[in-house]
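As given, the protein sequences belong to chains A and B, one line each in that order.
Residue 302 is where the first sequence ends in my numbering, and the numbering goes up by one at each step.
Residue 302 is where the second sequence ends in my numbering, and the numbering goes up by one at each step.
Note that CB positions come from ideal geometry on N, CA and C, so glycine has one too.
Predicted, not measured: the structure shown is a model, and the values here were computed from it.
2 protein chains.
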Amino acid sequence: MEILRELKKLALFKGCPDQDIARMKNCFKAEITSYEKGEVIINQSSDANRVYLIVKGEANVEHEDMFGNISIILNLKAGDFFGLEEAYADKNTYKDALVSAEKAIVASFDRQKIISPCSNNCPCHIMLAKDMMKMISARSLALTDKIKHLSQRGIKDKVLSYLETQSRIAGSSYFEIPFNKTELANYLAVERSALSTVLGKLKKEGVIDFDKKRYHIKAKNQEE
Amino acid sequence: MEILRELKKLALFKGCPDQDIARMKNCFKAEITSYEKGEVIINQSSDANRVYLIVKGEANVEHEDMFGNISIILNLKAGDFFGLEEAYADKNTYKDALVSAEKAIVASFDRQKIISPCSNNCPCHIMLAKDMMKMISARSLALTDKIKHLSQRGIKDKVLSYLETQSRIAGSSYFEIPFNKTELANYLAVERSALSTVLGKLKKEGVIDFDKKRYHIKAKNQEE
DNA sequence: GAAGTTTTGTTGTTTTTGCAACAAAAAGGG
DNA sequence: CCCTTTTTGTTGCAAAAACAACAAAACTTC
């Protein structure tokens, strides 16, 4: 089964023997679905009775506000979960939507099975609990990062704050981000055209360079 | 001991017999300290080897960016933790500071003891693990809420988004927020004087009313 | 490779925000 | 109760962002 190969690539199942993964899939009532780019995986405000694992590809957590503006809260990659917080915090609706950002494979699990101790005594389940904790914590920190960016005054500072973080994560001044310009504007909650202008200016000033989704931070601290 | 009375008020220790709390305090190498308003409890970027529990009072999680601007990430109340995410995600420095927002009592625990299973077989420790999970999840959701506010274009929408959330949490159109105007500006990452102008306008328009930290949302959806 | 779609860049206008400086009001401390 | 400090409101100006509308470029799809 092809899915098994994908699952084994994830840090979550690292070192799990095949038959254990199979048993867990059964135990968690796993369902696996493929999505095309742009497909809505979960609708905002729908009932939160499952948790979702990105097995392959990427998906965005999106929020639509009362005026119809859509903002990208987070970008999820293979191995990331959606809906875990709702499960553990006992919320019964998702507050955001999950939208496929490219061709993606997504597994979903029964929420109750995930959060309660396993009666079948699955070998990897205890380890899993700790991984969950780590994952939720990491997400919390990622959200804090995003707040850091959004808290910057002005588009220029927002985008630089974001790019610096991405650069740090990539470990290089050359890096690729998961967003095109429109999506980046949504992520940073600014007007797309205004962002375009600012990016153009930063490029002209020689602070950064970019092409498509690839960016390069040229000067570190030689501004003003 | 007075502290014990405070601890027992927290949801975390609800139903725990006194001697168990005492044992856990010992097991987690607990230390308890009092702080005056404005005192820094934890410095940004300092070593993350303990986790902190607000026992009484309030404290703000604050972040100082590269330009020296300070923004309030979150407001923590009695029962809330600081540093849990770093512990579980295995980060060795705090990325934000913790500052007392009023006279407060804070307990701190050894990070390792909190995240590893207890060898002493403390009676409440298993329950505690689940509470931790719930707490981190709740924080994650709170951060998402904040992102929702920050993603609004314009101060007016930001502040209304925030106030509506606070109103929903309080379950009434009359409610009190934990911030004064300066702090609210920091939380929403906008200029204080601009916020003041916008609030004044909203009051004049009859959309909201406020006095000190008490607010009232008058009209639901009759704007423009 | 032509036609349509999506993404990106550009520009001008309007509105909002940031900034700075000040004054009034409220809170806190002896 | 007076003095000091903190909080809040106000205003004018400069800067920045939102908005709208359009054009060019890139990417699809047949």
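Exercise. What runs of the alpha helix (DSSP H), each 4 residues or longer, lie entirely inside the segment 160-244 of chain A?
Worked result: Here the runs fully enclosed are 162-167, 189-193, 203-228.
Exercise. Considering only C-alpha positions, which residue in the set 142(B), 158(B), 280(B) is nearest to residue 225(A)?
Worked result: With distances taken between Cα atoms, residue 225(A) lies closest to 142(B).
Problem set entry | Nearest-angstrom Cα separation, counted from residue 138(B) out to residue 175(B) | 8 Å
For this session: Please say whether residue 132(A) and residue 140(A) have beta carbons closer to each other than 8 Å?
Result: no
For this session: Using alpha carbons as the reference points, say which of 259(B), 266(B), 185(B), 261(B) lies closest to residue 223(B).
Result: The shortest Cα separation from residue 223(B) among 259(B), 266(B), 185(B), 261(B) belongs to 266(B).
Problem set entry | Residues near residue 280(A) in its chain [Cβ-Cβ closer than 6 Å; skip 5 each side] | 286
Problem set entry | Pick from 229(B), 124(B), 260(B) that is closest to residue 148(A), judged by C-alpha positions | 229(B)
For this session: Determine, using beta carbons only, whether residue 228(A) comes closer than 8 Å to chain B.
Result: Yes, its Cβ sits closer than 8 Å to a Cβ of chain B.
Problem set entry | Neighbour flag for residue 270(B) against chain A, beta carbons, 8 Å | no
Exercise. Hey, residue 165(A) and residue 193(A) are a contact pair by Cβ (cut 8 Å); roughly how many whole angstroms apart?
Worked result: Beta-carbon to beta-carbon, residue 165(A) and residue 193(A) are separated by about 5 Å, close enough to satisfy the 8 Å threshold.
Exercise. Looking at the structure shown, is residue 137(B) part of a helix, part of a strand, or coil, going by DSSP?
Worked result: strand
For this session: Note down the Cα distance separating residue 116(A) from residue 264(A), rounded to an integer number of angstroms.
Result: 15 Å
Exercise. In three-state DSSP terms, what is residue 155(B)?
Worked result: strand
Exercise. Is there contact between the segment 229-243 of chain A and the segment 268-276 of chain A, where contact requires at least three CB pairs shorter than 8 Å?
Worked result: yes
Problem set entry | Length-filtered (3 minimum) beta strand (DSSP E) runs lying within the segment 255-292 of chain B | 286-289
Problem set entry | Proximity to residue 99(B) [Cα-Cα], best of 283(B), 206(B), 160(B) | 206(B)
Exercise. Does the separation of the CB atoms of residue 84(B) and residue 134(B) fall below 8 Å?
Worked result: yes
Problem set entry | Short-range partners of chain B found in the segment 161-186 of chain A, where Cβ spacing is below 9 Å | Using a CB distance below 9 Å, the part of the segment 161-186 of chain A facing chain B consists of 162, 163, 164, 165, 166, 167, 168, 169, 173, 174, ordered along the chain.
Exercise. Is the Cβ of residue 137(A) closer than 8 Å to any Cβ of chain B?
Worked result: no
For this session: Taking residue 151(B) as the query, report the chain A residues whose CB atoms sit under 7 Å from its CB, ordered along the chain.
Result: 222, 225
Exercise. Using a Cβ-Cβ distance under 8 Å, would residue 219(A) count as near chain B?
Worked result: Yes, its Cβ sits closer than 8 Å to a Cβ of chain B.
Exercise. If you follow the alpha helix (DSSP H) that residue 114(A) is part of, which residue opens it and which one closes it?
Worked result: It is not in any alpha helix (DSSP H) - residue 114(A) carries neither H nor E in the DSSP assignment.
Problem set entry | Where residue 143(B) falls: helix, strand or coil (DSSP) | The answer is coil: DSSP assigns residue 143(B) none of H, G, I, E or B.
For this session: Check the C-beta distance from residue 186(B) over to residue 109(B) and give it rounded, since I have them as a contact under 8 Å.
Result: With a Cβ gap of about 5 Å, residue 186(B) and residue 109(B) count as contacting.
Problem set entry | Chain-order list of residues whose beta-carbon lies under 8 Å from that of residue 288(A) (same chain, five-residue window excluded) | 277, 281, 294
For this session: Specify the secondary structure class of residue 253(A) as computed by DSSP and reduced to three states.
Result: strand
Problem set entry | Sub-8 Å separation of residue 57(B) and residue 256(B) beta-carbons | With chain B covering only 79 through 302, there is no way to say anything about residue 57(B).
Exercise. For residue 212(A), which residues in chain B fall below 9 Å Cβ to Cβ?
Worked result: 166, 167, 168
Exercise. So is residue 95(A) buried or exposed if we call it buried at 16+ other beta carbons inside 10 Å?
Worked result: exposed
Exercise. By Cβ distance below 7 Å, which residues in the same chain neighbour residue 111(A) in space, the five residues on each side in sequence not counted?
Worked result: 184
For this session: Kindly indicate which residue of 87(A), 173(A), 106(A) has the alpha-carbon position closest to the one of residue 120(A).
Result: 173(A)
Exercise. What number of angstroms, rounded off, separates the C-alpha of residue 251(B) from the C-alpha of residue 296(A)?
Worked result: Residue 251(B) and residue 296(A): Cα-Cα distance of roughly 50 Å.
Exercise. Buried or exposed: which applies to residue 92(A), given that a residue is buried once 16 or more other Cβ atoms fall within 10 Å of its Cβ?
Worked result: exposed
Exercise. Can you find a CB in chain A that lies within less than 8 Å of the CB of residue 215(B)?
Worked result: yes
Problem set entry | C-alpha gap between residue 88(A) and residue 189(B), whole angstroms | 27 Å
For this session: Check the Cβ of residue 188(B) against every Cβ in chain A and list those closer than 8 Å, keeping chain order.
Result: Per Cβ cutoff of 8 Å: no residues; residue 188(B) is ~17 Å from chain A at best.
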